[in-house]
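Numbering (my numbering), first residue to last: 12 to 969.
We put the CB at the ideal spot given by N, CA and C, even for glycine.
Right, here's the structure in full:
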């Protein structure tokens, strides 16, 4: 194929550019269905006159649309795009399939090093060619600062890598500078450029410098339980063990929305479970007086959160408290403001004209009584950020916050003696001012005193330069003074043993545009770990578990700091989690029984040792399978289903059910589409599935089946084996189509796992990635892919010898893939659920797009999918669609040519090409049914690729 390529740069801007690629047929014959492949350090955002084709990782492959499908000799066409990234020329791939002359691909791995206490430590990046070249291969590299600072944390450098003919491996070593400062884990980038003789599939890699200084955080082996108290500057549990609360702020209840934010996107329990999984042990939960007065919650998707429908804000807090106990979290209730809104009260006080001080106290007494005896609620944060006119210890009844805290705390203790009473600071004390709520200088002269001792915790707020450039962030020596600032305002309380300190709000976006934020966070973390001079050791007399804290915020919609979550309300921003890893908190005991209460018992059914079918009633049933492969159906009501031994199927039906599969490989069934449900999977405890039928607690279930697919969590399932093959052979997770195809083939007996592995070894992707590997090279690559390290000499030699003496490469691949070590290493990913698309549901979803030009409604998708599974053919389904009133209203009684035009527009979202339009019209005129035409368009490769983002990961619906 004699296609010549030329890149032309168009307009550029800060974050991207427009570009064109010109293709010229220099040959003497027409070329149809052409392809052009390249790699580049930028990402295409939109394109025209071209389609994106499947390709190997790191490679972009483009193909034609109908209008330029055929390139005649001498013809020149252009394709265009917008892209994000640096506007440099792409590296085009040769179309020559001869491995002797094909340009090798080049990969570069991420790297890490522990910094050490002094001197330098090498941080090594590995660069690998897929196969050796007969000529030298060169490329340039340079380091670019990220969180790490060049010259201080690492040695900034540039250079050139050269692969001599025959070589396939090279390294770049960067010196990391050791020190004894307590710092965050930090990163920099190795950026590649100007390759000659190789095609990079990755243009940069991340180097991570792991800090090994600073005091140890709270003992991760401690399991705290019971109510909390204080002892000097420590928070302790009921047994007297030191505790650190590591909380996250989840705001929204205090606002006009009157609900925790994010529930319009996700299920509330799923989100709380993610908080625990991310490392938090408590939630600081802001609320307003107006919420307690009955303000109606809004901004909740009740399809995802059906159990919250009709609840008041206080009842939603009840739910959160109850579930927190089940998953080992604790709740800090925070009176954030009086009237619903954002931020603290505008008047700076704990009351306003509508909500008096007495009402504020009465609200706290009500809450204390409501949660009395429930150790999931551990503290009352009396009021958020007193400021402005708020004073400390001056006996002015209208403004003295210290006196008001004593009044409220005493009233709480009269009905509930178990809570910690958290008292924030003010803004100004004796002419010295600080962050709102952060100034606790007055405690030295006038500490808060309550009738029940050992319950007061002081809770300042502290923020970085990016929130406001305070004077203490200015000057060349500001960094060395920050811990002194903290000590003056609030740190001295812990240092002098007056009381514990819980830093109630602190957070940052950690953006490179304000490097002072990272300095502030490093210093404040040292203080929280009791290291008051940043020498890497906890100072004498400081809390053994560290100072407690609450990060602001979980929510991404905080304008000042952003959140732990990205704007999609799902993705955890790991740069923040990594940064605060050194101040993790104490684990808390969970309430293993949870709160599952089915109410009065309905039917009680018990199976036999055989395969039973047990159906419940409309009541709250108790259904217990025994031996055998049982089918348990709960029906309506809050049922309890126990599968027992055997491979059971369990269908809870409507209601809030407990579904326990027991031993064996068990399957739980829900009738709806996956995206109708909030799903939180925990293979070591209780999972939660909430949706149209109710909120179900799920245990010991390996398959969770929905109308459009299933989650598989069993590490022994074929899907898990295929998942491991992808990682071992191709060093990536599987695409949905590949996972399904390989699993179906092995499950059907069409091939063994070793035969499937042979398919991977012989695949084009494998050979493009790695080239021609000898036995030793093959084994070394398996070590890298599976164990993520270079193989030890003995192991490499043993495997190589086995291959050279008769073991096939496929057998070696399975040996690595199915090793105990790899199964254990990949188990957490599998146990979070491998999603397997249902092909019948996918066919129906594509028909909705093809015929109605819209997403399916959930009910219709379920009904049509069920009909196909019951024997209806896809052709019959297509006929049912085009016979529907919705189709007739959209398409009308059009002739065949116009019908084909509509199919192109609705299905492929483009105009027809002349040949295609003529062929389809002739076929319809000759007797092809419109149902056949619809199905042909709908199931075409082009349409399947187009709709995959809306289907493969769970079908999107109206």
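Contacts around residue i, its chain only, beta-carbon distance under 7 Å, and the 5 residues preceding and following it disregarded
i: residue 943; result: 886
i: residue 229; result: Any answer about residue 229 is weak, because its pLDDT of 48 lies below 50 and its placement is not dependable; what the coordinates show is given next. Here the set comprises 255, 556, 557, 595, 596 and 597.
i: residue 291; result: 257, 258 and 259
i: residue 426; result: 376, 379, 380 and 383
Reduced DSSP secondary structure (H/G/I, E/B, other) of residue i
i: residue 395; result: coil
i: residue 563; result: coil
i: residue 906; result: coil
i: residue 340; result: coil
i: residue 240; result: strand
i: residue 260; result: strand
i: residue 923; result: coil
i: residue 226; result: Reliability of the predicted coordinates at residue 226 is poor, the pLDDT of 44 falling under 50, and the value obtained from them is presented with this limitation in mind. It is coil, neither helix nor strand.
i: residue 778; result: helix
i: residue 829; result: coil
i: residue 206; result: strand
i: residue 57; result: strand
i: residue 351; result: coil
i: residue 94; result: strand
i: residue 218; result: strand
i: residue 27; result: strand
i: residue 984; result: A query on residue 984 cannot be resolved here, the shown segment of the chain reaching from 12 to 969 and no further.
i: residue 313; result: coil
i: residue 389; result: strand
i: residue 334; result: helix
Per DSSP, the bridge partner or partners of residue i
i: residue 17; result: 33
i: residue 814; result: Answer is none; residue 814 lacks a bridge partner.
i: residue 378; result: Beta-bridge pairing links residue 378 to no other residue.
i: residue 450; result: 437
i: residue 346; result: 298
i: residue 247; result: 240 and 253
Member of the options whose CA lies at the smallest distance from the CA of residue i
i: residue 406; options: 774, 396, 398 and 417; result: 417
i: residue 397; options: 451, 465 and 380; result: 451
i: residue 361; options: 51, 328, 434 and 689; result: 434
i: residue 453; options: 466, 462, 850 and 503; result: 503
i: residue 436; options: 322, 457 and 855; result: 457
i: residue 962; options: 933, 865 and 878; result: 865
i: residue 270; options: 513, 220 and 324; result: 324
i: residue 616; options: 816, 646, 46 and 720; result: 646
i: residue 678; options: 661, 688, 665 and 668; result: 661
i: residue 24; options: 82, 95 and 871; result: 95
i: residue 120; options: 955, 905, 897 and 742; result: 742
i: residue 62; options: 52, 51, 45 and 902; result: 45
i: residue 655; options: 640, 488 and 491; result: 640
i: residue 707; options: 569, 664 and 237; result: 664
Same chain, Cβ closer than 8 Å to residue i, five either side skipped, listed in chain order
i: residue 171; result: 149, 150, 151 and 152
i: residue 970; result: Residue 970 lies beyond the range of the chain shown here (12 to 969); nothing can be said about it.
i: residue 763; result: 757
i: residue 543; result: 494, 498, 502, 506, 537, 550 and 553
i: residue 823; result: 789, 790, 793, 810, 813 and 814
Supposed close pair residue i, residue j - CB separation, criterion 8 Å
i: residue 532; j: residue 560; result: 12 Å between Cβ atoms; not a contact.
i: residue 692; j: residue 698; result: 5 Å
i: residue 166; j: residue 93; result: In fact, because the Cβ distance is near 37 Å, the residues do not count as touching under 8 Å.
i: residue 296; j: residue 328; result: 7 Å
i: residue 909; j: residue 945; result: Going by Cβ atoms, the distance from residue 909 to residue 945 rounds to 14 Å, so no, they are not a contact pair.
i: residue 90; j: residue 43; result: Not a contact, Cβ separation roughly 16 Å.
i: residue 718; j: residue 881; result: Going by Cβ atoms, the distance from residue 718 to residue 881 rounds to 13 Å, so no, they are not a contact pair.
i: residue 527; j: residue 573; result: With 8 Å as the limit, residue 527 and residue 573 do not qualify as a contact, their Cβ atoms being about 17 Å apart.
i: residue 36; j: residue 84; result: 6 Å
i: residue 284; j: residue 338; result: 6 Å
i: residue 385; j: residue 347; result: About 21 Å separates the two Cβ atoms, so there is no contact after all.
6 Å Cβ shell around residue i - same chain, five flanking residues per side excluded
i: residue 970; result: As displayed, the chain neither begins before 12 nor continues past 969, which places residue 970 out of reach and without an answer.
i: residue 312; result: 275
i: residue 109; result: Unreliable placement is indicated for residue 109, whose pLDDT of 43 sits below 50; the coordinate value is still reported in the next sentence. Around residue 109: no qualifying Cβ.
i: residue 959; result: none
i: residue 809; result: none
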